[in-house]
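A short write-up of the structure that comes next.
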Amino acid sequence: RSLGSLRDRAGELARACRDKDGKMKKLLVETEKLSAEVLGLRSQSARLQLQLEVGASTRGPLGPSIPPLHPPLPPPPPPSPSQVQQKNHRDIVAIYRTHLLNAAQGFMDEGVHAMLLRILRTQ
Numbered sequence: 001r002s003l004g005s006l007r008d009r010a011g012e013l014a015r016a017c018r019d020k021d022g023k024m025k026k027l028l029v030e031t032e033k034l035s036a037e038v039l040g041l042r043s044q045s046a047r048l049q050l051q052l053e054v055g056a057s058t059r060g061p062l063g064p065s066i067p068p069l070h071p072p073l074p075p076p077p078p079p080s081p082s083q084v085q086q087k088n089h090r091d092i093v094a095i096y097r098t099h100l101l102n103a104a105q106g107f108m109d110e111g112v113h114a115m116l117l118r119i120l121r122t123q
């Protein structure tokens, strides 16, 4: 081949590389955008799942209403401060476990991610 044809071919290859680099950058931007959307949807899904679980545990089983066999019991005494603290602690640990499990599975709420970054910066 002649030197001129090799130079032409090198120019064509350089343009093709630039075109491919441009396409790769566009695809990378689109991939990052889609990843952010997926993260948002996963965090929304996890939040809805947690709300569903909390709602199901507070409602009780669904079914036909059955008349009570005994008269209603008097209301329980108000919880002591230590019982309230223990319940709050259990709730916090349950939420923490849920977030940790979601993070381990690749689902992390944006707010949780921001809080973890803040914690890491303070250490």
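Residue numbers (the UniProt record's numbering): 1 to 123.
Idealized CB from N, CA, C, for every residue including glycine.
In this text, all values refer to a predicted model and were calculated from it rather than measured experimentally.
Which residue from the options puts its Cα closest to that of residue i?
i	options	result
V54	L101, S2, A94	A94
A46	L73, R97, R121, L120	R97
N102	L50, Q85, L6	L50
G106	L52, L39, P74	L39
With a 10 Å radius around its C-beta and 16 neighbouring C-beta atoms as the bar for buried, classify residue i as buried or exposed.
i	result
V112	buried
D19	exposed
P5	The amino acid at residue 5 is misidentified as Pro; the sequence shows Ser. Exposed, since its Cβ has fewer than 16 Cβ neighbours within 10 Å.
H89	exposed
Identify the continuous alpha helix (DSSP H) that holds residue i and give its terminal residues.
i	result
D86	According to the sequence as given, residue 86 is Gln; it is not Asp. That run of the alpha helix (DSSP H) goes 81-104.
L117	110-122
Between which residues of its own chain and residue i is the CB-CB distance below 7 Å, once the five residues before and five after are set aside?
i	result
S82	none
In its own chain, which residues sit with a C-beta less than 8 Å from the C-beta of residue i, not counting the 5 before and 5 after it?
i	result
D109	S43, A46, R47, H99, N102
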